[in-house]
Amino acid sequence: MVLGGRSIYISLEVLIAVGCCLGNVLVIWAVWKSGALNKPTFCLIVSLAVADFLVGAVAIPLAVIVDIHVKIPFYACLFISCVLIVPLQASVLTLLAIAVDRFLRVRIPFRYKSTVTKRRSWFLAAVCWILASVLGFLPMFGWYNHDTLAHYNSTSIDCQFIAVIPNTYLIHFIFEGCFLPPLAIMIALYCYIFFKIRSRRAGLGPETGTYTQKKYKLASSLVLVLALFVICWLPLHMIKSITFYNQNINVPSIALYFGILLSHANSMVNPVVYAFRIPKIKQEYGKIWRRVTRQQQQADTNSSRTPASNTTDSHDGPRNDKISSEGGANDMTPEKN
Numbered sequence: 023m024v025l026g027g028r029s030i031y032i033s034l035e036v037l038i039a040v041g042c043c044l045g046n047v048l049v050i051w052a053v054w055k056s057g058a059l060n061k062p063t064f065c066l067i068v069s070l071a072v073a074d075f076l077v078g079a080v081a082i083p084l085a086v087i088v089d090i091h092v093k094i095p096f097y098a099c100l101f102i103s104c105v106l107i108v109p110l111q112a113s114v115l116t117l118l119a120i121a122v123d124r125f126l127r128v129r130i131p132f133r134y135k136s137t138v139t140k141r142r143s144w145f146l147a148a149v150c151w152i153l154a155s156v157l158g159f160l161p162m163f164g165w166y167n168h169d170t171l172a173h174y175n176s177t178s179i180d181c182q183f184i185a186v187i188p189n190t191y192l193i194h195f196i197f198e199g200c201f202l203p204p205l206a207i208m209i210a211l212y213c214y215i216f217f218k219i220r221s222r223r224a225g226l227g228p229e230t231g232t233y234t235q236k237k238y239k240l241a242s243s244l245v246l247v248l249a250l251f252v253i254c255w256l257p258l259h260m261i262k263s264i265t266f267y268n269q270n271i272n273v274p275s276i277a278l279y280f281g282i283l284l285s286h287a288n289s290m291v292n293p294v295v296y297a298f299r300i301p302k303i304k305q306e307y308g309k310i311w312r313r314v315t316r317q318q319q320q321a322d323t324n325s326s327r328t329p330a331s332n333t334t335d336s337h338d339g340p341r342n343d344k345i346s347s348e349g350g351a352n353d354m355t356p357e358k359n
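FYI, the numbering for the sequence shown is 23 to 359, going by the working numbering.
This is the structure in structure tokens:
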């Protein structure tokens, strides 16, 4: 990529990183303040928000370092490249856990609360992160580009993601093994969920119908999160697959960078989805917004009053001092006998 194009790419990455960090911190704060952390589904939503936050706080800065081809030791470059993979795997596994949670909510409605507890949800989230770390760091245990290490005379290389991570790992393992199968399972689970919810909505009373409607809305919101995840990540995976299976095709670098930006932007859009689709988070967003605007209005009011008060004090200073020396303003009133 030419220098001007790289500058634009880095600038966009910085904007996306800021959006990821601010938006997902707001999600975590909103869920915590609303008390929704007591519900298993929201424990998993927070886990997904943490993954999205790490994309902005860790993955994007490291991706920029890799893109500018910094000369560092081979295994340091390999470690950085593995870190870039972990949030993706954590997101896929957490989305799968959320789909299973919603499936159980519909499949065993009367045993759901006793089966799916808050502690078990946090345990499941931890398992997702541990498994994501193991999958992401597999190249550190030997599944890396040995040719790159042999090509350089020293142990230091111009760090590039494709120079250390083999395409066999990215395509056969990450995409075909760890992305497509969970995606197929999630689609099947959500199809079952919507089929069961729709079949139960007919012939229900008003109260039960309202409760079912809430479940339907939450499930549809989570499906939207899943759909955006696929839309944002699939182009990059497809580009990698096309160039892997047909090496005669030359994909323009701008298409590759667009796919990278789109995959990173996915971590920025989820907080927007939560804001418009999930009532608990939406209400807490509203409270935060009203608090911020109220403080801003109060600050503006205080700043507008300050010059007037300073002017009054400057003109009335000597007279006030005189009153104070004679016993205070209240002593100006005559005493009652």
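The beta carbon of each residue, even a glycine, is placed where N, CA and C say it ideally should be.
Burial check for Met-162: the Cβ neighbour count within 10 Å stays below 16, so the residue is exposed.
Residue pairing by DSSP places Ile-209 opposite no residue, since no beta bridge is assigned to it. Annotation: the continuous alpha helix (DSSP H) that includes Lys-140 extends over 140-158. Of the residues assessed, Lys-309 falls on the exposed side of the cut-off, its CB having fewer than 16 other CB atoms within 10 angstroms. Straight-line spacing of the CA atoms in Ser-69 and Val-247 works out to 14 Å. Beta bridge pairing from DSSP links Ser-178 with Pro-95. Note on geometry: alpha-carbon atoms of Ser-326 and Thr-315 lie some 16 Å from one another. Annotation: Thr-265 to Lys-237 spans about 42 Å, alpha carbon to alpha carbon.
When DSSP states are grouped into helix, strand and coil, Gln-235 belongs to the helix group. Take Asn-292, set aside five residues on each side of it, and the residues of its chain with a beta-carbon closer than 8 Å to its own are Gly-45, Asn-46, Val-49, Leu-70, Ala-71, Asp-74, Val-247 and Leu-250, in chain order.
A straight line joining the alpha-carbon of Ser-289 with that of Phe-201 spans about 17 Å. The DSSP-derived three-state label of Asn-324 is helix. Between Ala-85 and Leu-110 the beta-carbon gap is near 12 Å, outside 8 Å, which marks them as no contact. Rounded to the nearest angstrom, the Cβ distance from Val-138 to Pro-62 is 5 Å, consistent with a contact under 8 Å.
In the three-state reduction of the DSSP assignment, Arg-133 falls in the coil class. Judged by DSSP secondary structure, His-168 falls within the alpha helix (DSSP H) whose first and last residues are 168-173. Residue nearest to Ile-193 within the set Lys-304, Leu-258, Glu-306 and Ser-143 is Leu-258 (criterion: CA-CA distance).
Contact between the region 262-282 and the region 207-218 is not established, with fewer than three Cβ pairs separated by less than 8 Å.
Here the alpha carbons of Tyr-134 and Ala-185 stand approximately 48 Å from one another.
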